[in-house]
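Engineer: Right, I'll just put the structure down here and ask away after.
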Amino acid sequence: MPLPQSRKMERNEKEKPRRIVGVAVAAGAVAVAAGAFFFMLSRIGDDGAEVQDQTAGRTMKGPGTGGERMSRAKFKADTKKFFKTSRSKGPKAAVDAFK
1 MPLPQSRKME RNEKEKPRRI VGVAVAAGAV AVAAGAFFFM LSRIGDDGAE VQDQTAGRTM
61 KGPGTGGERM SRAKFKADTK KFFKTSRSKG PKAAVDAFK
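For what it's worth, UniProt numbering labels the leading residue of the sequence shown as 1, then goes sequentially.
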């Protein structure tokens, strides 16, 4: 036997808060998952930089070399030699000598 119209409306009114809570929980779970994904994605780039610094010491982009990396300590120890080599043999040779 079908329920009267008023009882159907009454039941629907009781279920609305459950639906709202369910949607809110689902949205929160999606937000947390997205946050965790982007956090892990941002950590990928950081790990590589830390490994390079630990294994090769501090590095810098060589002046006039288009971004080639070289040892900062060696450059500071003999800057004059770097620029002399760069002018005579080219920037690539200077960076190779200071790696």
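No residue lacks a Cβ here, since even glycine has one placed at the ideal position from N, Cα and C.
(1) Under three-state DSSP, which class holds Arg87?
(2) Would you check if the region 64-73 and the region 85-99 touch, i.e. whether three or more CB-CB distances between them fall below 8 Å?
(3) I believe residue 102 touches Arg72 by the beta-carbon criterion, under 8 Å. Please report the beta-carbon distance rounded to the nearest angstrom.
(4) Could you round the C-beta distance between Ala94 and Gly57 to whole angstroms and report it? I think they count as a contact, below 8 Å.
(5) When you compare only the Cα positions, how much space is there between Arg43 and Val32?
(6) Using DSSP's beta-bridge definition, name the partner residues of Arg69.
(7) With 16 other CB atoms within 10 Å as the buried threshold, where does Met82 fall?
(8) Of the residues Gly22, Lys74 and Gly64, which one's Cα is nearest the Cα of Lys92?
(9) Pick helix, strand or coil for Lys99, following the three-state DSSP scheme.
Structural biologist: Quick look at the numbers:
(1) Indexing the sequence shown from 1 puts residue 87 at position 87. If DSSP states are grouped into helix, strand and coil, Arg87 belongs with the helices.
(2) yes
(3) Absent from the structure is residue 102, since the part of the chain shown begins at 1 and ends at 99.
(4) One-based indexing of the sequence shown puts residue 94 at position 94. One-based indexing of the sequence shown puts residue 57 at position 57. Actually they are not in contact, since the Cβ atoms of Ala94 and Gly57 sit about 18 Å apart, beyond 8 Å.
(5) Taking the first residue of the sequence shown as 1, we reach residue 43 at position 43. Taking the first residue of the sequence shown as 1, we reach residue 32 at position 32. Rounded to the nearest angstrom, the two C-alpha atoms are 17 Å apart.
(6) Translated into positions along the sequence shown, residue 69 becomes position 69. Per DSSP, Lys61.
(7) Taking the first residue of the sequence shown as 1, we reach residue 82 at position 82. Sequence check: residue 82 is Phe here, not Met. It is buried - the Cβ of Phe82 has at least 16 other Cβ atoms within 10 Å.
(8) Within the sequence shown, numbered from 1, the residue matching residue 92 stands at position 92. Considering only alpha carbons, the answer is Gly64.
(9) Within the sequence shown, the letter at position 99 stands for residue 99. Here Lys99 sits in coil by DSSP.
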